[in-house]
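In our numbering, the protein residues as written are -4 to 329.
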Amino acid sequence: MKHFLNTQDWTRTELDAVLAQAAAFKAGQAGQQLKGRSIALVFFNPSLRTRTSFELGAFQLGGHAVVLQPGKDAWPIEFELGTVMDGEAEEHIAEVARVLSRYVDLVAVRAFPKFLDWAVDREDRVLRAFAKYSTVPVINLETITHPCQELAHALALQEHFGTADLRGRKYVLTWTYHPKPLNTAVANSALTIATRLGMDVTLLCPTPEYALDERYLGWAKDNVAESGGSFRISHDIAEAYTGADVVYAKSWGAIPYFGRWDQEKPIREAHKHFIVDEAKMALTNNGVFSHCLPLRRNVKATDGVMDSPNCIAIEEAENRLHVQKAVMAALATQ
């Protein structure tokens, strides 16, 4: 049984097949791969695009989605073994996942890290506990990575450049300012998929403290070895943007400061100039800009960048529907 926890767990051939199926769905191909089947969407965090696109995607494939929010409309869940459950949690993941598996054909989970201790967060305990106890395929709706966003981003780039072969494209993944420290999930995933597709990737961040976890830097290096392209880290805005074909922006908190955000804040506040603006985009090779959304205008990127014809953030958001249908179809028919 195959899960969809990270794109790194899937072969390039498998990912290419999913992207091709997503493009076919987008072109109007009907599908009934979920006819008579169902998916449980378990949300520990808020959602707009993910919930809407998965519910509609299941419906369009002939299936039915059940949305659950533990602690709100479902019981709070305990994830640690050996815990004396005399606190808030009413049931254990060992029962939750196995019971859901008796009801539905797929389980999908959204659970952000706690932002207190990265050594704990990086274990991705909630998602991996569902995968451990579930007897049906599990899909990652965003935890410490966001593989569905990766595929939507990849499809948007393939559409923009008119080819599935993105090798040789200069890709900049840039940190941007945000008033709050955010999850590294989308940055981890953007780095993963960009290097997997063989592009020349630059991770642009203010200081070495904003580099991503070694796991994802390692994945990037492994992907370059397998797929070609290149990978490097830069702290020089002008140098990184110059000649870029793609600029992808995301805010994230500095991992060394997880749980100590008051100490990280002065560093973050000193780098508001990392905003994606028209002057920076003018340095690119008529580069395309995108972001996973939601985006705070004139904080992460200017109105001018967001409203430019070179911004494909809306196309990427639409593609969430199509790639997720392709993922569900692949898992349901394995």
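Glycine included, every Cβ here is placed at the ideal spot set by N, Cα and C.
Taking only the alpha-carbon atoms, compute the straight-line gap between residue i and residue j and give it to the nearest angstrom.
i: residue 144; j: residue 319; result: 9 Å
i: residue 249; j: residue 176; result: 8 Å
i: residue 73; j: residue 109; result: 15 Å
i: residue 39; j: residue 68; result: 11 Å
i: residue 317; j: residue 149; result: 12 Å
i: residue 187; j: residue 2; result: 8 Å
i: residue 126; j: residue 134; result: 9 Å
i: residue 28; j: residue 7; result: 22 Å
i: residue 137; j: residue 106; result: 6 Å
i: residue 58; j: residue 313; result: 20 Å
i: residue 198; j: residue 123; result: 28 Å
i: residue 243; j: residue 169; result: 6 Å
i: residue 159; j: residue 252; result: 38 Å
i: residue -4; j: residue 132; result: 7 Å
i: residue 327; j: residue 23; result: 20 Å
i: residue 224; j: residue 278; result: 21 Å
i: residue 209; j: residue 71; result: 32 Å
i: residue 48; j: residue 165; result: 30 Å
i: residue 195; j: residue 162; result: 8 Å
i: residue 167; j: residue 5; result: 24 Å
i: residue 219; j: residue 226; result: 7 Å
Would you decide whether residue i is buried or exposed? Buried here means 16 or more other CB atoms lie within 10 Å of its CB.
i: residue 338; result: Lying before the first or after the last residue shown, residue 338 is absent from the chain, which here runs from -4 to 329.
i: residue 32; result: buried
i: residue -2; result: buried
i: residue 281; result: exposed
i: residue 286; result: buried
i: residue 93; result: exposed
i: residue 178; result: buried
i: residue 81; result: exposed
Skipping 5 residues on each side, what residues in its chain have a beta carbon closer than 7 Å to that of residue i?
i: residue 202; result: 230 and 262
i: residue 64; result: 38
Anyone know if the C-beta pair for residue i and residue j falls short of 8 Å?
i: residue 139; j: residue 117; result: yes
i: residue 44; j: residue 62; result: no
i: residue 233; j: residue 271; result: no
i: residue 236; j: residue 267; result: no
i: residue 300; j: residue 273; result: yes
i: residue 50; j: residue 60; result: yes
i: residue 0; j: residue 26; result: no
i: residue 14; j: residue 153; result: yes
Excluding the five sequence neighbours on either side, which residues of its own chain have a C-beta within less than 6 Å of the C-beta of residue i, listed in chain order?
i: residue 95; result: 35 and 102
i: residue 211; result: 183 and 186
i: residue 180; result: 137, 139, 140 and 141
i: residue 129; result: 92, 96 and 102
Assuming residue i and residue j are in contact, meaning their beta carbons sit under 8 Å apart, how far apart are those beta carbons, in whole angstroms?
i: residue 247; j: residue 182; result: 5 Å
i: residue 309; j: residue 155; result: Between residue 155 and residue 309 the Cβ distance is about 12 Å, and since that is not below 8 Å, they are no contact.
i: residue 151; j: residue 311; result: 4 Å
i: residue 20; j: residue 325; result: The Cβ separation is near 12 Å, so there is no contact.
i: residue 172; j: residue 284; result: Wrong, their Cβ atoms sit about 16 Å apart, outside the cutoff.
i: residue 104; j: residue 79; result: No, residue 104 and residue 79 are not in contact; Cβ-Cβ is about 25 Å, not under 8 Å.
i: residue 222; j: residue 254; result: At roughly 35 Å, the Cβ-Cβ gap does not stay under 8 Å, so residue 222 and residue 254 are not in contact.
i: residue 215; j: residue 190; result: 4 Å
i: residue 52; j: residue 323; result: 6 Å
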